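Here the structure is laid out as structure tokens; the discussion comes afterwards.
In my numbering, the protein residues as written are 8 to 89.
Shown next, in the form of structure tokens:
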């Protein structure tokens, strides 16, 4: 019979917990990043054609942050709960 082993957590959640961050902080930052992405995308429509490509790429780059921040927040909540 196999003995269940304890699951090892990544050092990143422990480091973030030691820094004083909690899951709700990162979930809030995730929502703010969505707002920032939409704002940057809308603002990209107001610049001239030469700069529009850079502005849209910036908005897409910021759009990658919310899922990352949300999952880090979930990891922190799991690490804090144990």
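C-beta atoms are modelled at their ideal positions from N, C-alpha and C, and glycine is treated no differently. Since the structure is predicted, the reported quantities are computational estimates derived from the model, not experimental observations.
Contact under 8 Å by Cβ, residue i with residue j
i: residue 50; j: residue 40; result: no
i: residue 83; j: residue 28; result: yes
i: residue 24; j: residue 87; result: yes
Contact set for residue i: own chain, Cβ-Cβ below 6 Å, skip 5 residues either direction
i: residue 70; result: 44
i: residue 96; result: A question about residue 96 goes unanswered here, because the residues of the chain that appear run from 8 up to 89.
i: residue 54; result: 62
i: residue 59; result: 51
Closest residue to residue i among the options (Cα-Cα distance)
i: residue 140; options: 26, 22, 27, 33; result: With the chain running from 8 to 89 in the structure shown, residue 140 is simply not present.
i: residue 38; options: 72, 57, 26; result: 72
Boundaries (first-last residue) of the alpha helix (DSSP H) holding residue i
i: residue 57; result: 56 to 70
i: residue 38; result: 30 to 51
8 Å CB neighbourhood of residue i in its chain, flanking five on each side removed
i: residue 81; result: 30
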